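Take a look at the structure below.
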């Protein structure tokens, strides 16, 4: 008999008697649907099989608490949300069909599917105990098939459903069944999903009577030994079982077990660091990541691991010193920029006096880009280079990781900062040498006139001018190290003075002491002042104090800059910052 000639009842009977597949559960039903969809007198069977397909296409992988969820979701061309299957579209006829199927079927997997949808949507109490028993029966089927993921789902659902109706018999029967299943799984060296089930048991101590903590502890210990023997690179799973033992110790109020397990978790991180350093490509880089995790864990558990902290710091330092040589490859690329645009820009300064050129730099957009454009480029890059955007980013100070960036928004912001830096670095490297060369060519007294520009600036005080004079002398002599050290802190000093001129406090009061406001706090205050260019504030943040940017001021203050870092580019950027600051003046607004 051809498939299209069979009745719906016959197809469902065959479907339930055959082994329900692990994947594409509705595949056979869809074949039947396709075979009868054009046959007019099969419309009733077509509707029934459609209800079945939608039920079997529902996903069960959201969580045991949410029995069913859509297989996929998205948006239409009109921007409206859609889900497939969409349970909210199931009318009463669907649930009558599923209730009829529940009563007729003897297949535990089918009974669970019907029972779960009836409980999730209709809270059909009359079928719930039988559904719980069917989930336990399914676990036996999945055990024989070695479908341990599905086995775990069934046992978690059986427990959750038992808790939902607060039925002590169902809870105890399911708990006892789980204990026996643990024994069977461990006998077969299949401990993986004991983690999720044991965690649910421990988190439900108020609902399950007489939990055998000693048995669960031994199961966790045996699981760890299985993984150590059969899968050496399974440290994360081993630590999951250690955490179970830790929670068991807390439940038993066994302080010795708790403390020993905390030490075991720490030792596992160290062991993983060593193992991966020997067995992974770029193992030295991976080792440091786990050593850092171990250090954080030691800090969080200093009451028993304080003695490990200093030794671990030394180990990280030692491991980091070799990392740049062994783990990183330097990549360089050349870029070409059309010279005609540069020439056109530089020509706009020809014939102007020095002060006019400085004013043009202050008010122009040739060097510092807009932060919005950097953000737009970052969003575009995230769409075009998806994998690059997904991978976490680690920032290094020398050989040490100082920050890990992993969140989507954090990575997008970091990419924006990098684009912004690329923009202002291109501007300064290409334009400033040409502009400075032009100033020198056109003005024999250029230094005197540049100093005059700063002297006339309303927001730069006499004391700052003394430093600026020395800094500019070093700038034009090419002594970039001295120039950078003077001008960096003059930028900070002048910005702080601006707050003073505006009548804003320049100090903070902490622990009974008055201290100068930190530069990040100063910039935050300036960003709220009307007329202060937001892109310029962003430039100052990224260039001077942002760990994700150049962080010049902080690195210099803490002696973290390499000698070669203090080049002409740094001094050019500091000069641009000072020129822009000098262009500001305060206008009092009379509010009516």
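In this note's numbering, the protein residues as written are 17 to 608.
Heads up, the beta-carbon is just placed ideally off N, CA and C, and yes, glycines get one too.
Being a predicted model, the structure only gives us computed values, none of them experimental.
Are the Cβ atoms of residue i and residue j separated by less than 7 Å?
{"i": "residue 236", "j": "residue 257", "result": "yes"}
{"i": "residue 155", "j": "residue 170", "result": "yes"}
{"i": "residue 441", "j": "residue 393", "result": "no"}
{"i": "residue 267", "j": "residue 285", "result": "no"}
{"i": "residue 561", "j": "residue 570", "result": "yes"}
{"i": "residue 205", "j": "residue 242", "result": "yes"}
{"i": "residue 49", "j": "residue 65", "result": "yes"}
{"i": "residue 99", "j": "residue 86", "result": "yes"}
{"i": "residue 361", "j": "residue 454", "result": "no"}
{"i": "residue 135", "j": "residue 125", "result": "no"}
{"i": "residue 370", "j": "residue 316", "result": "no"}
{"i": "residue 568", "j": "residue 557", "result": "no"}
{"i": "residue 565", "j": "residue 446", "result": "no"}
{"i": "residue 151", "j": "residue 128", "result": "yes"}
{"i": "residue 589", "j": "residue 452", "result": "no"}
{"i": "residue 70", "j": "residue 37", "result": "no"}
{"i": "residue 233", "j": "residue 264", "result": "yes"}
{"i": "residue 261", "j": "residue 277", "result": "yes"}
{"i": "residue 496", "j": "residue 424", "result": "no"}
{"i": "residue 609", "j": "residue 305", "result": "For the chain, the structure presents residues 17 to 608; residue 609 sits outside this window and is missing."}
{"i": "residue 118", "j": "residue 130", "result": "yes"}
{"i": "residue 29", "j": "residue 123", "result": "no"}
{"i": "residue 217", "j": "residue 255", "result": "no"}
{"i": "residue 224", "j": "residue 191", "result": "yes"}
{"i": "residue 598", "j": "residue 500", "result": "no"}
{"i": "residue 487", "j": "residue 466", "result": "no"}
{"i": "residue 335", "j": "residue 312", "result": "no"}
{"i": "residue 238", "j": "residue 202", "result": "yes"}
{"i": "residue 330", "j": "residue 314", "result": "no"}
{"i": "residue 51", "j": "residue 20", "result": "yes"}
{"i": "residue 410", "j": "residue 420", "result": "yes"}
Exposed or buried, residue i, counting other C-beta atoms within 10 Å across all chains shown (16 or more means buried)?
{"i": "residue 523", "result": "exposed"}
{"i": "residue 576", "result": "exposed"}
{"i": "residue 88", "result": "exposed"}
{"i": "residue 132", "result": "buried"}
{"i": "residue 508", "result": "buried"}
{"i": "residue 574", "result": "exposed"}
{"i": "residue 408", "result": "exposed"}
{"i": "residue 39", "result": "exposed"}
{"i": "residue 601", "result": "exposed"}
{"i": "residue 559", "result": "buried"}
{"i": "residue 245", "result": "exposed"}
{"i": "residue 173", "result": "buried"}
{"i": "residue 379", "result": "exposed"}
{"i": "residue 61", "result": "buried"}
{"i": "residue 530", "result": "exposed"}
{"i": "residue 168", "result": "buried"}
{"i": "residue 16", "result": "Any answer about residue 16 is impossible in this case: the structure gives the chain only from 17 up to 608."}
{"i": "residue 383", "result": "buried"}
{"i": "residue 288", "result": "buried"}
{"i": "residue 104", "result": "exposed"}
{"i": "residue 17", "result": "exposed"}
{"i": "residue 504", "result": "buried"}
Determine which residues share a DSSP beta bridge with residue i and list them.
{"i": "residue 529", "result": "526"}
{"i": "residue 617", "result": "The structure shown does not extend to residue 617, since the chain is modelled only from 17 to 608, so the question has no answer here."}
{"i": "residue 409", "result": "421"}
Is the Cβ of residue i closer than 7 Å to any Cβ of chain D?
{"i": "residue 499", "result": "In the structure shown, chain D does not exist; there is a single protein chain."}
Sequence ranges, alpha helix (DSSP H) only - wholly within the stretch 352-380, length at least 4 = Correct list: 355-363, 370-379.
Segments assigned alpha helix (DSSP H), at least 4 residues, entirely inside the stretch 57-105 | Counting only unbroken stretches of 4 or more residues, the alpha helix (DSSP H) elements lying wholly within the stretch 57-105 are 59-73, in sequence order.
Does the stretch 468-480 come close enough to the stretch 502-517 to have 3 or more Cβ pairs within less than 8 Å?
-> Yes, the stretch 468-480 is in contact with the stretch 502-517.
Please specify which runs of the alpha helix (DSSP H), each continuous and at least 4 residues long, are wholly inside the stretch 196-250, giving them in chain order.
-> For the stretch 196-250, whole alpha helix (DSSP H) runs of length 4 or above, ordered along the chain, are 210-219, 229-246.
For the stretch 100-108 and the stretch 17-36, state whether three or more C-beta atom pairs, one from each stretch, are separated by less than 8 Å.
-> No, the stretch 100-108 is not in contact with the stretch 17-36.
Uninterrupted alpha helix (DSSP H) stretches inside the stretch 144-200 (no shorter than 4 residues) | Counting whole runs of 4 or more residues, the stretch 144-200 contains the alpha helix (DSSP H) stretches 144-161, 164-181.
Pair every Cβ in the stretch 370-389 with every Cβ in the stretch 398-405, then say whether three or more of these pairs are closer than 8 Å.
-> In this structure the stretch 370-389 does not lie against the stretch 398-405, because fewer than three pairs of beta carbons, one per stretch, are closer than 8 Å.
Which full runs of the beta strand (DSSP E) of 3+ residues lie inside the stretch 478-562, going along the chain?
-> Along the stretch 478-562, the beta strand (DSSP E) occurs as fully enclosed runs of 3 or more residues at 523-526, 529-532, listed in sequence order.
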